[in-house]
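Peer 1:
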Amino acid sequence: MKALREDGFTLRGIADLLNTRNVITKQGKTWHASTVSYILNNAA
């Protein structure tokens with residue numbers, strides 16, 4: 001995710017890419033820009 005953001009992807013673009021690839025969130029849901037933002041801002 002961090003690499004995609006550094007490559008110029010928008011938060012929405014990252015979420016769309018993950019959803020297109022059928023990657024689900026930890027809760028088993030689809031990705032949203034806010035979820036991507038939260039993960040990027042709270043990464044260890």
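Numbering of the sequence shown is given in my numbering, commencing with residue 1 and proceeding in unit increments.
Ideal Cβ placement from N, Cα and C applies to all residues, glycine included.
#1: Pick helix, strand or coil for Thr25, following the three-state DSSP scheme.
#2: Spatial neighbours of Lys29 within its chain, please: C-beta separation below 6 Å, excluding the five flanking residues on both sides.
#3: Is it true that the CB of Thr35 sits closer than 8 Å to the CB of Thr25?
#4: Measure from the C-beta of Ile24 to each C-beta in chain C and report whether the shortest distance is under 8 Å.
#5: So what does DSSP say about Ala33, is it helix, strand or coil?
Peer 2: Quick look at the numbers:
#1: Looking at Thr25 - three-state DSSP - the assignment turns out to be coil, as it is neither helix nor strand.
#2: The beta carbon of Lys29 is closer than 6 Å to none in its chain, skipping five residues each way along the sequence.
#3: Cβ atoms of Thr25 and Thr35: closer than 8 Å.
#4: Protein chains in the displayed structure number just one, and chain C is not present.
#5: Here Ala33 sits in helix by DSSP.
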